[in-house]
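Q: Let me give you the structure first, and then I'll get to my questions.
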Amino acid sequence: MKFNKKKRFKEVTVKITPFGFFAFHKNKLIKKSIWKKQDRVKNYLKKADLLKEFKGKVGKAKYEFEHIFGSEAEEFSKKQNIKFDFQEFMVDFAKQKIKNVYSKDRLIIQAANMYEELSKMINMFYERLSEWYGLYWPEKVKEIEHVEDFTKIVGEEREGQSMGFDIEESDLDIIKKTGEEIKNLISIRSKISNYIKEEMEKIAPNISKIAGHNLGAKIIAAAGGLEKLAKMPSSTIQVLGAEKALFRHIRKGAKPPKHGIILSHELMPKIKRENRGKLARVLSSKIALAAKVDFYSNGKKERWEEMLEDLNKRIGEFK
Amino acid sequence: MKINESKFKGVFLLENKKKKLATINLIPGFAPFNEKLIQKEGIEYRIWDPYKSKWAAGIMKKIKNFPIKDDSKILYLGAASGQSASYIADIAKKGKVFCVEISPRVMRDLTFVSEKKKNMVPVFSDAKIPKEYEFIGQVDVILQDVAVKNQVDILIRNKYLLKEGGHVLLAIKSRSVDVSAKPEKIFEESERKLKNHFEIIDKKRLEPFEKDHILFLLRKL
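Protein sequences appear in the order of chains A and B.
Letter by letter, the first sequence follows residues 3 to 321 of our numbering.
Letter by letter, the second sequence follows residues 0 to 220 of our numbering.
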């Protein structure tokens, strides 16, 4: 090591800027740490850690800190002969913040919405295709109940007697090809469903158990994220997806809605119609609890057993 | 087509069949929102749609004064994707527009615009917490268009960042304050609150461009 016995300073002022640290002793610059343009945002965000390091280099002293930002920082950069464009820094700063702002639930929300939209499309295409293919083989189309079965038979050559229209090879061919594509859509929909299931188990195991994976994801989507759902009162959760009816109630005094997307819960069809509002209320209170557990424990705590038990007890009361 | 500068500097009137507003494009060829660009005598104008910008709607509704000068320092609360803000930046071409926005989704678009328009400074913060961006110092004008419940309170919180005599353009959406109340009632209430803090120079309802909106032009005393 070179012979440089560290000089001790009594009082040091450190200017903290978006482009580095500058240590002053009695208005004289004694040490600086300047960041390259591409590191500025990153370093500024972890300035607390870097400052410790910097202080280590300056040595023990009585420290004072001064934050310099905005046009002040621009002026100071000129004095120090450093190229610094504050506007550019703010653009990069915003970009970095955008990068860090999202969590996994954002992806699940997109997947849940995609699932919904795909389902609508598949149903629409299914109806169209059964009309189309039905011209040729109406008897077969009548037998089919599910879209999945339909895509298996669509394009098949006719057997036996039929009242269908005798079409040409090329007519049948294009129907068959369309059917193939719809089959692909159905397959990607089930892949998305599996994905939602796996990811929901990770971030929201309790919601998944109370509401089901798909409905749980839909509720998170409607709330605008897991954090928002966790902070939502259960009465709001109860009518998520029924905003139109809710605002009609608030504005014009119409009947309030009893349930929104919660109506598609698997328990709903098993309950008498007049009790579904009650079930919606009980369910949403459990979902509100589950969301709080999931969000604040990062999906680590599982408390759904007691919630389900409680839920079943309540359902028993009005079944 | 005739193009004339309106009584507000930097805001132009295009007269064809219909009257349209425009600004001179600060970055020629750059039209991030698919807005129409019009060339005339070597100058490129950007059409400013009053159905998409409340400030343009205010001008169309003949607001008394438009406080943006070419060197104004502006605090824009609720800049969203920066569409309206980009026109303000055209007018304040030698000034600065600090665009405060909290939603990351629209902030994405705002950064794309700010990368080109160097007088737009994106500030990814909550307008309820001016402490987060008070580093900008005092400004000449505050523009506020945030669709939340306590719109007037937010302005009052930000008031200390406005120079004395500085102007405010405040767009209030009554449906954000209370969906069930009559807009007139909300506007009256807002006005009453504002009177304690500002001189109210003008107010204009924004129909037919925006439903249930009012635009206040204020001055800090």
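Glycine residues also receive a C-beta, built at the ideal position from the N, C-alpha and C atoms.
For clarity, every value in this text was computed on a predicted model and none was experimentally measured.
Does the stretch 289-297 of chain A touch the stretch 268-276 of chain A, meaning 3 or more C-beta pairs lie closer than 8 Å?
A: no
Q: Note down, in chain order, each residue of its chain lying with its Cβ closer than 7 Å to the Cβ of T110/B, except the 5 sequence neighbours on either side.
A: P121
Q: Verify the CB distance criterion: does S85/B have a CB-CB separation below 8 Å to chain A?
A: no
Q: Would S52/B pass as an interface residue toward chain A - the criterion being a Cβ-Cβ separation below 8 Å?
A: no
Q: Which residues, taken in chain order from the stretch 114-130 of chain B, show a beta carbon closer than 7 Å to some beta carbon of chain A?
A: E114, K117, V120, P121, V122 and F123
Q: Would you check if the distance between the CB atom of S105/A and the CB atom of F88/A is smaller than 8 Å?
A: no
Q: In chain order, what residues of the stretch 92-118 of chain A put their CB closer than 8 Å to some CB of chain B?
A: M92, V93, F95, A96, K97, K99, I100, V103 and Y104
Q: Confirm, please, whether the CB-CB distance from S71/B to V140/B is below 8 Å.
A: yes
Q: Using the three-state DSSP reduction, which class does P140/A fall into: helix, strand or coil?
A: helix
Q: Among residues of its own chain, excluding the 5 on either side of F5/A, which ones have a beta-carbon nearer than 7 Å to its beta-carbon?
A: Its pLDDT being 49, under 50, F5/A is placed unreliably in this model, and the value from its coordinates should be taken loosely. Result list for F5/A: empty, nothing under 7 Å.
Q: Assign Y2/A to one of two classes, buried (16 or more other C-beta atoms within 10 Å of its C-beta) or exposed (fewer than that).
A: Any question about residue 2/A goes unanswered here, given that chain A covers just 3 to 321.
Q: At 7 Å on the CB atoms, spell out the chain A contacts of I135/B, in chain order.
A: G72
Q: Against chain B, does R253/A count as a neighbour if the rule is that its beta carbon must be under 8 Å from one of theirs?
A: yes
Q: Indicate whether the contact test is met: 3 or more Cβ pairs, each with one atom in the stretch 299-316 of chain A and one in the stretch 204-215 of chain A, closer than 8 Å.
A: yes
Q: Measuring only the C-alpha atoms, how far is K33/A from F11/A?
A: 12 Å
Q: Going along the chain, which residues of its own chain have a beta-carbon closer than 7 Å to the beta-carbon of D107/A, five neighbours each way excluded?
A: So the list reads I205, I222, G227 and L228, once near-sequence residues are dropped.
Q: Quick one: grab the DSSP three-state call for P20/A.
A: coil
Q: Can you have a look at F208/B and say buried or exposed, based on whether 16 or more other CB atoms are within 10 angstroms of its CB?
A: buried
Q: Can the beta-carbon of V103/A be found less than 8 Å from the beta-carbon of Y65/A?
A: no
Q: Name the chain B residues that come within less than 9 Å of F249/A, Cβ to Cβ?
A: V178 and S179
Q: How would you write the range of the beta strand (DSSP E) that F197/B sits in, first residue to last?
A: F197 to R204
Q: Among the residues of its own chain, which have a CB less than 8 Å from the CB of D69/B, if the five just before and after it don't count?
A: K8, G9, I90, A91, K92, K93 and G94
Q: Leaving out five residues on either side along the sequence, give the residues of the same chain with a beta carbon under 8 Å from the beta carbon of M3/A.
A: The predicted model places M3/A with a pLDDT of 45, which falls under 50 and marks its position as unreliable; any figure quoted below should be read in that light. Contacts found: none.
Q: Counting Cβ pairs closer than 8 Å, one from the stretch 41-58 of chain B and one from the stretch 132-139 of chain B, do we hit at least three?
A: no
Q: Measure from the C-beta of D103/B to each C-beta in chain A and report whether the shortest distance is under 8 Å.
A: Note on residue identity: the sequence assigns Pro, not Asp, to residue 103/B. Taking Cβ atoms only, chain A reaches closer than 8 Å to P103/B, which makes this a yes.
Q: Alpha carbon to alpha carbon, how far is F86/A from A25/A? Give it in angstroms, no decimals.
A: 19 Å
Q: With a Cβ-Cβ cutoff of 8 Å, do L242/A and A224/A count as a contact?
A: yes
Q: Buried or exposed, going by whether 16 or more other CB atoms sit within 10 Å of the CB of E77/A?
A: exposed
Q: Is there a C-beta anywhere in chain B that falls below 8 Å from the one on Q89/A?
A: yes
Q: Could you have a look at G165/B and say whether DSSP puts it in helix, strand or coil?
A: strand
Q: In three-state DSSP terms, what is I2/A?
A: Look at the range of chain A in this structure, 3 to 321, and you will see that residue 2/A is not part of it.
Q: Leaving out the 5 sequence neighbours to the left and right, which residues in its chain are closer than 7 Å to K17/B when beta-carbon positions are compared?
A: none
Q: Under DSSP, the alpha helix (DSSP H) around K39/B begins and ends at which residues?
A: Note, K39/B: premise wrong, no alpha helix (DSSP H); beta strand (DSSP E) at L36 to K39.
Q: Tell me, please, whether the stretch 173-188 of chain B touches the stretch 51-65 of chain B by the rule of three or more beta-carbon pairs shorter than 8 Å.
A: no
Q: Hey, would you say L187/A sits closer than 8 Å to I124/A, going by beta carbons?
A: yes
Q: D70/B by DSSP, collapsed to three states: which one?
A: coil
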